[in-house]
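If you're matching positions, the sequence shown starts at 8 in our numbering and goes up one per residue. Structure record follows, encoded as C-alpha cells.
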Amino acid sequence: MTSSIKNSVQLIGNMGKDVLLTTFDNGNKKAVIVLATNDYYTNNKGEQVKQTEWHNLVAWGKTAELMAETLNKGSVVAIQGKLTNRSYTDKDGQTKYITEIIVNEFYKIAHSS
Numbered sequence: 008m009t010s011s012i013k014n015s016v017q018l019i020g021n022m023g024k025d026v027l028l029t030t031f032d033n034g035n036k037k038a039v040i041v042l043a044t045n046d047y048y049t050n051n052k053g054e055q056v057k058q059t060e061w062h063n064l065v066a067w068g069k070t071a072e073l074m075a076e077t078l079n080k081g082s083v084v085a086i087q088g089k090l091t092n093r094s095y096t097d098k099d100g101q102t103k104y105i106t107e108i109i110v111n112e113f114y115k116i117a118h119s120s
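Next comes the structure, spelled out in C-alpha cells:
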C-alpha cells in the first residue's frame, strides 16, 4: 500500500458557511471550512430519507488563501486531504475532541441551474 492512500479523504459537498480566513503574525494563513455531504436511504416505511453529515475542514497557506478567494456559502466543492484528530480542554476543564480534514487540494464544481 502506498503512503498516499494510507490516510486519504475525498469528499464532494456544499459549503455550509463562508470560509473563515485567519492571517497570523508570521504571514501564514489558515482557512476553516464547514462542508455538508448528503446520503440518501429508504426507511422501513419506503420513504426516502436524506442524511446530512457535516465535516470540519482546515487549509493552510496558499490553499487557504485560494479557498477564501473562490468559495462561499453554498459552493459545491471537491476536496482531497487527510483526517486528523486533536483535543483541547475547555473552560470547564472538560476534554473536547475534534476530527478535522486537512485539505491538500480542492476544486470548485460549477453546476448549472
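Here a beta-carbon is modelled for each residue, glycine too, at the ideal position from N, C-alpha and C.
For residue j and residue i, the rounded distance between their alpha carbons
i    : j    : result
E72  : G100 : 34 Å
A38  : I109 : 10 Å
T49  : T59  : 14 Å
V65  : K57  : 26 Å
K36  : E76  : 12 Å
K24  : L78  : 10 Å
T44  : L27  : 19 Å
Q17  : G81  : 18 Å
Q55  : D46  : 10 Å
A117 : N14  : 28 Å
G68  : G34  : 9 Å
Check whether residue i and residue j have beta carbons under 8 Å apart
i    : j    : result
F113 : M74  : yes
L90  : T106 : yes
N111 : Q87  : yes
Beta strand (DSSP E) segment containing residue i, residue limits
i   : result
L78 : No beta strand (DSSP E) contains L78, which DSSP labels as neither H nor E.
Given residue i as reference, the closest of the options once Cα atoms are compared
i   : options           : result
N92 : K103, V83 and V84 : K103
key: Ranges of the beta strand (DSSP E) found wholly within the segment 23 to 111, counting only runs of at least 3   = Runs of the beta strand (DSSP E) inside the segment 23 to 111: 27 to 30, 36 to 49, 55 to 67 and 83 to 96.
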